[in-house]
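Residue numbers (the UniProt record's numbering): 1 to 81.
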């Protein structure tokens, strides 16, 4: 349980989170702009963007197991002479 709450993800997981966040935020920005423009409402634009951003935060901020599948293998300590 402590490993899960510690919040450590590996480098591959960090790259995956960055890619997902980038794609979702860019597409959400375009979608919310188009829908808000069509409805002539800034409230709709910011509402869509805010809702999707909140869902994205729940999807990428916790250290889900899919982001911890490639743990880093550190080298052992060298013996000093």
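For every residue, glycine included, the Cβ atom is placed at its ideal position computed from N, Cα and C.
Ranked by how close their Cα comes to the Cα of residue 46, the residues 59, 58 and 31 have 31 in first place. Using a C-beta cut-off of 8 Å, the stretch 35-51 makes no contact with the stretch 8-19, since fewer than three inter-stretch Cβ pairs fall below that distance.
Short of 6 Å from the beta carbon of residue 78, and not among the five residues preceding or following it, lies no beta carbon of its own chain. Here residue 67 is buried. Its C-beta has 16 or more other C-beta atoms within 10 Å. Straight-line spacing of the CA atoms in residue 12 and residue 57 works out to 18 Å. Straight-line spacing of the CA atoms in residue 28 and residue 64 works out to 23 Å.
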